[in-house]
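Residue numbers (this note's numbering): 4 to 230.
We put the beta carbon where it would ideally sit given N, CA and C, even for glycine.
This structure is a prediction, so every number in the text was calculated from the model and none was measured.
Everything below concerns the one structure shown next.
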């Protein structure tokens with residue numbers, strides 16, 4: 004089931020206390036509307052009844068989509084500073100829900116799930132978009148790296164390249180500001196680039212680096228390079 008808890012949130016503009024249904028877990032199979040709200044960026048958006056200011060709560064919940072074989076531990080972007088600890092906590096949560104100590108039925112579900120860790124709404128939306136699409140999330144990260152190599156650095160230091168849409172012929176990426184979620188630049192790639200990279204042995208080492216952690220994101224590679 005999807006679980007919410009009613010808490011009080013403070014309006015960032017006027018400071019008013021706003022009663023809020025804060026999400027703790029999402030079951031997309033039972034609540035497909037919540038999946039759609041993540042994709043259209045309306046999920047956990049709040050509006051102050053006093054001054055009409057709108058803001059969005061940072062994600063911190065578990066997302067399950069059994070139909071699309073996906074489980075995501077969604078964290079606030081601020082947890083990037085200790086992402087390894089967040090990954091460990093996520094692994095423990097997954098094991099408790101679907102691991103050897105869980106009921107047999109839960110273990111059977113867990114064997115069919117691929118799980119990952121995300122930080123911030125843009126990263127979560129990207130993984131939700133990819134779930135069930137037939138597109139390998141690891142290859143998407145490799146395409147990002149190819150686009151960055153070809154197109155130069157980010158146009159804004161607080162932006163990251165995110166997959167925003169895809170169809171049978173094209174992948175549409177945007178440089179998305181992590182603070183405002185505004186797209187400040189666009190990149191497009193033919194879908195055939197996925198198979199080209201997948202079949203190129205020069206990319207095999209990069210694939211291994213990306214798959215070393217459930218934090219499957221090119222951002223992690225840049226963080227490691229800066230450390």
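Per-residue DSSP class, three states only, for residue i
i, result
"residue 179", "strand"
"residue 214", "coil"
"residue 272", "The chain is shown only over 4 to 230; residue 272 falls outside these bounds and no answer can be derived."
"residue 159", "coil"
"residue 31", "coil"
"residue 191", "strand"
"residue 40", "helix"
"residue 19", "coil"
"residue 185", "coil"
Segment limits, alpha helix (DSSP H) that includes residue i
i, result
"residue 145", "140-154"
Cβ neighbour criterion (16 or more within 10 Å) applied to residue i
i, result
"residue 9", "exposed"
"residue 17", "exposed"
"residue 93", "buried"
"residue 223", "buried"
"residue 126", "buried"
"residue 185", "exposed"
"residue 181", "buried"
"residue 33", "exposed"
"residue 214", "exposed"
"residue 62", "buried"
"residue 203", "exposed"
Residue nearest to residue i in terms of C-alpha spacing, selected from the options
i, options, result
"residue 190", "198, 200, 39, 175", "175"
"residue 53", "42, 14, 188", "14"
"residue 306", "67, 184, 83", "The structure shown does not extend to residue 306, since the chain is modelled only from 4 through 230, so no value can be given for it."
"residue 183", "213, 57, 21, 37", "57"
"residue 118", "124, 101, 108", "101"
"residue 171", "159, 194, 154", "194"
"residue 98", "87, 88, 110", "110"
"residue 163", "188, 141, 153", "188"
"residue 147", "123, 120, 158, 177", "177"
"residue 89", "37, 123, 116", "123"
"residue 81", "7, 70, 60", "60"
"residue 21", "168, 27, 216, 12", "12"
Terminal residues of the beta strand (DSSP E) in which residue i lies
i, result
"residue 13", "6-13"
*Jot down the residue ranges of each uninterrupted beta strand (DSSP E) in the segment 56-139, minimum 3 residues, whole runs only, in chain order.*
57-59, 64-68, 73-78, 117-122
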